[in-house]
Structure formats: C-alpha cells, structure tokens
Ligand code: SF4
C-alpha cells in the first residue's frame, strides 16, 4: 500500500452522525482501498461520536464506518453508503482514540460501539479494532444490519460482547423493496448468534406504511423471542433528520412525505414485542 496522505478536513470527532460528510477519502486510490479492506490495517470512518442508551450499554464511544450494501429507503445517513466518503484512518490511530477514553468508559460502565454504514463491509478492520478494544479492557458492541455476518468466524465473534442487530421488516418481498437485499442472510446470522449464546439488542425502525404493519411486527417479534438471546428491543421511530443528505447527494428520496410514527404507534409496537416475551423500549 502506498502512503496515505494525511486527512485535511473536518475533525475526526463529530457532534453527531447527522453531519454530512462526503469524499473525505477521495485521495485514496482504488488499490489502496482494496489493500486496506483485505489487511484491516486501515479503515474508513465517517466520524467518532459519543453516545448512550441506543448505542449500547453505558456511555459509548461510537465509530461510524462508511460503506453499506443495503439501500434502505429510510436511511438517515446515505453519505455513509460510499466507503471513500469516510476518512482513512490507521488501526493504530483508531486504537489511540479508544485508549484516550478507556478509563472514562470503564468508570461509566460503557464501551466502544462500531456502527455505520455497515461495519462488516470492513470486516478485517472491524475485527482488529474490536480485538484492540478488548485488549484495552473495553466492552465492545457491533451495530450491524447482519447481512455480512457470515464474514466473521466464530473466533472473531468472541471479541464482540454485544451485537446490535437491525431487522428491518419481515416479509421477504417487502424486505427487498425496503432495503434492496434479501432478508435470508440477516436471519441466518441471528440464528448463529443465538446458537453461540451471543447477546443481541434488536433494533427495529418503525416506518409508517412499511414496518408499522402489525403482521410485520409480530413476525419479527416472534422470531426474536424464539432466539432466546435478545436482551432488549429498541423501537426507533422513523424521522426526517437525514432528508437534507438525500437532497445534497442528489439521490431520489422516496420517503419525503412519510411522517413520523405517533407515540401510540411506537407504544403499540413495543407492546407487540413484549407479548413475545421481550423487553422493548
Ligand atoms: S443498513 Fe443502515 S446505513 Fe445501510 S442503508 Fe440501511 S439504514 Fe442506511
């Protein structure tokens, strides 16, 4: 790999992942991107932020990766779809970021969450960064759409304490229409996590006209309840905070006129998950 030029641009830390970031890695050649992906010694990140609650237990440092193979109609961070919209960062620098926070994270019973985009688009980097976090004694969580879970070996799963798994919708045709991909690999990964007794926090984005259908909710709830390892379900209400990104990026945004779900719709969705024996918020 040739030497990667130092990033000149926005700071590594962002107030939130809602900051639009594009082309930060445009100076990285295609061969260097390929080399980074296969070695895992360099990754591409949108930003680092600090978070809590929905990003995992306690106070979290969250690294947002770029690159995603899904195209969810409701995605609020479409700038993370393209790997080179992120900035290149060496494994060493990313580890250094974690080292800065290690004591605070321990005191606050928090940890490190790798989110995206889809972190497993950069699975080598993800695994190496998780291993580095574990060696610093930091709790690790992977926030994933699950589609590429098959890229992780069982041993690699062992450096991840918690998997925060999105299930977007149940019916295969609707899943394909909503995300652009099949649901099969996602469910396969969920079953594999269950077989390995790996803790899951399930995330379900409630999108009016799509995933608010009780038939969809009940099917996901039934599946999740039967896994036996889902510790908590977070219902994430659809919102329009990412609309400006679609506009700025010039991508057709089909949910432009979709409203947020009502408080009672969110409550009813929670109740349906609770009926399946799950803790839902
Ligand atoms: S999986 Fe996440 S990042 Fe990827 S398109 Fe869907 S919402 Fe966006």
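In my numbering, the protein residues as written are 622 to 902.
C-beta: ideal position from N, C-alpha, C; glycine also.
Since the structure is predicted, the reported quantities are computational estimates derived from the model, not experimental observations.
- Residue range of the alpha helix (DSSP H) that residue 838 falls in? Taking the chain shown and counting its residues from 1, one reaches residue 838 at position 217. That run of the alpha helix (DSSP H) goes 835–848.
- Task: Out of 737, 875 and 647, point me to the one whose CA is closest to residue 798's CA.
- Result: Within the chain shown, the letter at position 177 stands for residue 798. Residue 798 has its Cα closest to that of 875, out of 737, 875 and 647.
- CA nearest to the CA of residue 757, picked from 772, 680, 718 and 769: The residue labelled residue 757 in the question sits at position 136 within the chain shown. Checking every option, the nearest Cα to that of residue 757 belongs to 718.
- Run the CB neighbour count on residue 900, radius 10 Å, all protein chains shown included, and call it buried at 16 or more, exposed below. Here residue 900 refers to the residue found at position 279 of the chain shown. Label assigned to residue 900: exposed.
- Terminal residues of the alpha helix (DSSP H) in which residue 726 lies: Taking the first residue of the chain shown as 1, we reach residue 726 at position 105. Start and end: 712–728.
- Query: How would you call residue 774, buried or exposed, if buried means at least 16 neighbouring beta carbons within 10 angstroms?
  - Reply: On the chain shown, residue 774 is found 153 positions in, with the first residue counted as 1. Flag for residue 774 reads exposed.
- Message: DSSP three-state label for residue 879, please.
- Response: Numbered from 1 along the chain shown, position 258 holds the residue referred to as residue 879. Note: residue 879 maps to coil in three-state DSSP.
- Query: Distance, Cα to Cα, residue 652 vs residue 663?
  - Reply: Locating residue 652 in the chain shown gives position 31, counting from the first residue. Locating residue 663 in the chain shown gives position 42, counting from the first residue. Approximately 13 Å between the Cα atoms of the pair.
- Message: As a quick exercise: from 635, 661 and 865, pick the residue whose alpha carbon is nearest that of residue 747.
- Response: Translated into positions along the chain shown, residue 747 becomes position 126. Cα-wise, what sits closest to residue 747 is 661.
- Residue range of the alpha helix (DSSP H) that residue 805 falls in? Residue mapping note: residue 805 aligns to position 184 of the chain shown, counting from 1. That run of the alpha helix (DSSP H) goes 805–816.
- Query: Do you know whose CA, among 647, 765 and 650, lies nearest residue 675's CA?
  - Reply: As a first step, residue 675 must be located in the chain shown, where it is residue number 54. Comparing Cα positions, the closest option is 765.
- Task: Please name the residue in 726, 730, 767 and 777 whose C-alpha comes closest to that of residue 752.
- Result: In the chain shown, the residue the question calls residue 752 occupies position 131. Of 726, 730, 767 and 777, the residue nearest in Cα terms is 777.
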